[in-house]
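Report on the structure given below.
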């Protein structure tokens, strides 16, 4: 995707996992061809920004060589398969994710769909493999698969509140492919705005898929946390990243200190999971500037869009402001800062929002509001440099509505 500051190059890690060697390569590429940061997305992808047109093809060739993107561009356009990071190698969740990834690339890519006389699936169409605790229950997906407690498999459609049960992984993957094909065909028959998400089509179009013969079962609420903070897990150690943006040099250093085959997985909380029982010994001495190792770190309470100067629509440096605001956000609250009124990258965890706008006089204003009342911002205040007049802005942060 093209942005003001150059191309954004996306990597979709298979099964949410990359080796230390792959991270080392990616960090080196960021330092050579892009901005010296690696961005983590809320869907578990990684991105490089600021890649020039002249070096785009060369960068892609390096990514292919490192097995970070498929050589076949058609396979890269297949629906994204997002995966929980909480699995053990070759357990049922891991095997399910591998099977779904393979099926998506072979059967749901644009070329595969065209061979069946079907239009390509929209870019927003996504599949997700969750763990048995359903830690990713807060993430929207068109098709959600996971292993059930009884050893069977569940399939939920478009956040519908119910699920279908299958005996084997092969059956649930096949059903997912059939539903995706049905969606691709039926959505084009809708008059007016064509739906890009399954849940929007299901509102008006009853699903007719032979694979879903059994009655849909009620989906109980997951008891999993909506946010997994930095700290120890069964698989290793969750390592936070300020603003979801990894300093490429810091990543290169971390990856170089690990055995090449060590897994570093990406979580949907814009953090990393370093797999292995000895992860803490490595993480403990890391630089606090680049990494978050404590669940009480104030930087976990803020998020922001790209902001200026990298986004031409942004009126303020949103990321820098968020980091400066972090210590003024109360425990249990989350502040999102947006450089304009579009509210890009708005976190579902946000309880309060600050966004920039322009007065008729041309002056930049800051608006604060509750995340549940985005259309009711408080009285705007003039934007000034934090170093010049931080007191007034800090007071507004303390007064933000819950």
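In the working numbering, the protein residues as written are 7 to 408.
Every residue, glycine too, gets a C-beta built ideally from N, C-alpha and C.
- Exposure of residue 8 is indicated by the presence of fewer than 16 other C-beta atoms within 10 angstroms of its C-beta.
- Taken in chain order, the complete beta strand (DSSP E) segments of 3 or more residues contained in the segment 7-72 are 12-17, 23-25, 43-46, 52-57.
- Rounded to whole angstroms, the gap between the alpha carbons of residue 138 and residue 373 is 41 Å.
- Counting the other CB atoms within 10 Å of its CB gives residue 201 a total of 16 or more, which places it among the buried residues.
- Following the DSSP letters along the chain, one finds residue 181 inside the alpha helix (DSSP H) bounded by residues 175-193.
- Taking the C-beta atoms as reference points, residue 272 is found no nearer than 8 Å to residue 129.
- Restricting attention to 298, 22, 31, 347, the CA atom closest to the CA of residue 382 is found in 347.
- For the options 29, 53, 20, the alpha carbon positioned closest to that of residue 267 is the one of 29.
- A straight-line Cα-Cα distance of about 28 Å links residue 124 and residue 70.
- The beta-carbon separation of residue 114 and residue 186, rounded to 5 Å, stays under the 8 Å limit for a contact.
- Taking the Cα positions, residue 21 is about 27 Å away from residue 305.
- Here residue 333 carries a helix assignment [DSSP, helix/strand/coil].
- Rounded to the nearest whole angstrom, the CA to CA distance from residue 116 to residue 340 is 39 Å.
- With a beta-carbon spacing of about 15 Å, residue 276 and residue 55 fall beyond the 8 Å limit used to define contacts.
- Under the rule that a run must span 3 or more residues, the beta strand (DSSP E) segments found entirely inside the segment 90-140 read 132-135.
- The C-alpha of residue 211 is placed about 42 Å away from the C-alpha of residue 241.
- In the DSSP assignment, residue 262 falls outside any beta strand (DSSP E) and lies within the alpha helix (DSSP H) extending over 254-262.
- When secondary structure is reduced to three states using DSSP, residue 158 falls in the coil class, being assigned neither helix nor strand.
- Taking 8 Å as the cut-off, the beta carbon of residue 310 is found closer than this to the beta carbon of residue 249.
- DSSP lists 243 as the bridge partner or partners of residue 238.
- Contact annotation: residue 237 and residue 173 have beta-carbon atoms that are not nearer than 8 Å.
- Approximately 15 Å separates the beta-carbon atoms of residue 171 and residue 149; this is outside 8 Å, ruling out the contact.
- At the C-beta level, residue 349 and residue 359 come within 8 Å of one another.
- By the beta-carbon neighbour count (other beta carbons within 10 angstroms, threshold 16), residue 183 is buried.
- Sequence-distant partners of residue 342 (beyond 5 residues in either direction) whose C-beta falls short of 6 Å from its own C-beta, in its chain, are 309, 352, 353, 356, 359.
- Residue 263 and residue 43 have their C-alpha atoms some 19 Å from each other.
- For residue 204, the enclosing alpha helix (DSSP H) stretches over residues 204-208.
- Contact check for residue 87 against residue 106 passes: the beta carbons are separated by less than 8 Å.
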